[in-house]
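Using numbering that gives the first Met the number 0, you'd call the opening residue of the sequence shown number 0 and step up by one each time.
All C-beta atoms, glycine included, are put in the ideal place defined by N, C-alpha and C.
Quick caveat: nothing in here was measured; it's all calculated off a predicted structure.
One structure below.
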Amino acid sequence: MEIKNLSESFSVTGQINAADLDEIKAAGFDYVVCNRPDGESSDQPPAEEIAAACEACGLGFAYLPLTVKDMSSSHAEQLSQLMSVESRRILAYCRSGKRSATLWAMAVESSVPDEQVHKALQESGLGVSEAIAVLEHRAEVVILGGGAGGLATAASLLRRRGDLDVLIIEPSEEHYYQPGWTLVGAGVFQPSQTVRKTSALIPTGARWLRDAVSEFDPERSTLTLESGASVRYEQLVVSTGIELNWGAIEGAEQWLGSHGVTSNYRFDLAPYTWQLVRQLQRGKAVFSQPPMPIKCAGAPQKAMYLSADYWFRQGRLNEIAIDFYNAGEVLFGVADYVPALEKYVDRYQAKLHFKHQLKAIDGAAQTAYFDDVATGEQQAVEFDFLHVCPPQRSTRVVRESALADAAGWLEVDQYSLRHPRFENVFGLGDGCSAPNAKTAAAVRKQAPVVAENLLATRRGESLPAIYQGYGSCPLTVERGKVVLAEFGYGGVLQPSVPRFVNDGTRATWLGWLLKARLLPPIYFHLMLKGREWLAAPAPAAKETAT
Ligand code: FAD
């Protein structure tokens, strides 16, 4: 038995036997912790046997079994409670002592300085790389999600305070420019224009951990990751996006990508949309829109307009019937834009069906099943081409956490974007509860607000910035023309330029120029770099930002 002292009151060792307990007691320990699950090896005495022997010789005992993979902040919390008893001297054991040492490093993270923990681990000679890694998974600001919101916020923070310690947690090696998928589905963009390596977009000065959060513990300002590692933050920004709930449409996952069933909501399928559009000479083209909220509320009808425009230009519209099934009651949520959109509905002779929700697809029979939302009656609709937009909801990890509101969204004050119950947590993007249009355009305005307010919170000052609900939806009504919807909370129009430059309530070429040429560089070179062009946060009125 080789005992390694990590502090005056805590030591670790490899597997012990009942016969070792006299020596352990003589060395001054009064408590034994077993971190090894029973049954790991055949020569391992069960914890019960050690517990009984401890009791017999007057030593305390606790069974706190764990593996490196499942080690979590709750294990660390339990150990720190055991350690909190005054003058107790603990000897913890596992197979080699490494797991116990790693858990100790997590348990003392907030009470013992890093250097002291590092030194103790190094001097122990245990080679505890897991423990060192645990110590490294901490940051002043942890950002969840390396999508539009996560990267823009990291960049905006670092523009303001270059020395801030920012850790981005993002599982994907690829970052997608999702607004480009509408144009891929219309043959205007190549798919490659909408994807970049995440590593190339991480702002200078930020660190990237390729992992995903699996559990939040906001009371302790810690997270558990899918790898099992634990992360401690001083402040947290959550931008994990929205979940596409394909499972809510029976058959969708099976038929997407074949039999004429497609969706611009998937990177891999947007090129299939364009292939189908070109191939379709005659028949029935059906487009679906689920209940709100969804990301880019205009995207389902954009797919319809651009497909119809192609058929129109090819002279095929007399042979192709277009039906748009919308679970909602209106074509677009802000009435000012509806007349311009209706003109295009007429031009393309599209039939609108409100209050109808797509429930099932039978690809082999090329039939879609829609429920009448009011009566519950089901209608079978045959198609040759079906563009599907899935229902959407908050990501599982957020909706099952203490950070969620009643509807499952990451709860934030809609103006300050700070969590109302956990002051060191902020949220933005598609997954937060603010009632704006869920768009990258909204994120462009939200990120600077989060950056300002988060840094003010660090300084103990009141929150200086508010978000007024800006979102934008460039409705691509034809190749070369866009109805540029820009509005804030309550549908109040918030145009970026005066009406004489661009009238957003009409289809304009300037809107198309913005969508097809200017927005991608604005996204990659301004927004994701913290260059806040036309995105300066509005100052907070004292009564709104809380
Ligand atoms: P995302 O950019 O989706 O990023 C979320 C990130 O979180 C992802 O990288 C994901 O991997 C990561 N993540 C998920 N779970 C975890 C986890 N557990 N741990 C850590 N990370 C996690 N917007 C516009 O402004 N204009 C448009 O014209 C437009 N058109 C669109 C068309 C389509 C077809 C689509 C799909 C979207 C469109 N959007 C448009 C919407 C826009 O893309 C989103 O609003 C924007 O990307 C939201 O940013 P976000 O950071 O909230 O989410």
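Kindly list the residues whose CB is nearer than 6 Å to the CB of residue i, restricted to its own chain and excluding five residues on each side of it in sequence; keep chain order.
i	result
Ala535	none
Tyr343	Tyr304 and Val476
Ala455	Leu462 and Pro463
Val549	The structure shown does not extend to residue 549, since the chain spans only 0 to 545, so no value can be given for it.
Ala247	Pro390
Ala373	Lys354
Gly490	Val333
What do you reckon, are the CB atoms on residue i and residue j nearer than 7 Å?
i	j	result
Ala363	Ser155	no
Asn501	Leu512	no
Leu453	Gly426	no
Phe215	Leu402	yes
Val546	Leu143	What is shown of the chain runs 0 to 545, which leaves residue 546 out entirely.
Thr197	Glu172	yes
Tyr176	Tyr522	yes
Gly145	Glu169	yes
Spatial neighbours of residue i within its chain, please: CB distance less than 7 Å, with the 5 preceding and 5 following residues excluded, ordered by chain position.
i	result
Asp69	Gly227
Gly250	Ala359, Ile360, Asp361 and Gly362
Val276	Ser306 and Tyr309
Gln280	Arg315 and Glu318
Pro290	Ala326, Gly327, Gln356 and Pro390
Pro112	none
Ala296	Gly332, Ala436 and Cys472
Lys301	Thr181, Leu474 and Thr475
Ala17	Pro44, Glu48, Ile49 and Ala52
Glu7	none
Which partner residues does residue i have in the DSSP bridge list?
i	result
Glu485	Ser471
Asp371	His355
Ile168	Leu143 and Leu208
Gln192	None; Gln192 has no bridge partner.
Closer than 6 Å: is that where the CB of residue i sits relative to any heavy atom of the ligand FAD?
i	result
Gln377	no
Thr394	yes
Leu550	Past the edges of the chain, shown from 0 to 545, lies residue 550, and the structure says nothing about it.
Gly407	no
Thr438	yes
Trp180	yes
Thr475	no
Asp216	no
Ile168	yes
Gly240	yes
Gln177	yes
Asp267	no
Ser558	Residue 558 cannot be examined here, being either before or after the span of the chain that is shown, 0 to 545.
Asn34	no
Gly148	yes
Gly428	yes
Tyr414	no
Val31	no
Ala251	no
Val380	no
Cys295	yes
Note down, in chain order, each residue of its chain lying with its Cβ closer than 8 Å to the Cβ of residue i, except the 5 sequence neighbours on either side.
i	result
Ala540	Ile465
If we cut at 7 Å on Cβ distances, does residue i have a partner in chain D?
i	result
Gly332	The displayed structure is made up of one protein chain only, and chain D is not part of it.
(message) Check whether the region 42-50 and the region 102-112 are in contact - that is, three or more C-beta pairs closer than 8 Å.
(response) no
(message) Taking contact to mean 3 or more Cβ pairs, one atom from each stretch, closer than 8 Å, check whether the region 306-316 and the region 326-342 are in contact.
(response) no
(message) Assess contact between the region 260-279 and the region 398-415, defined as three or more Cβ pairs (one per stretch) separated by less than 8 Å. Is contact present?
(response) no
(message) Would the region 257-264 count as touching the region 158-175 if we require 3 or more Cβ pairs under 8 Å?
(response) no
(message) Tell me whether the region 189-205 and the region 52-70 touch, counting them as touching only if at least three CB pairs, one residue from each stretch, are closer than 8 Å.
(response) no
(request) Pair every Cβ in the region 232-242 with every Cβ in the region 76-95, then say whether three or more of these pairs are closer than 8 Å. (result) no
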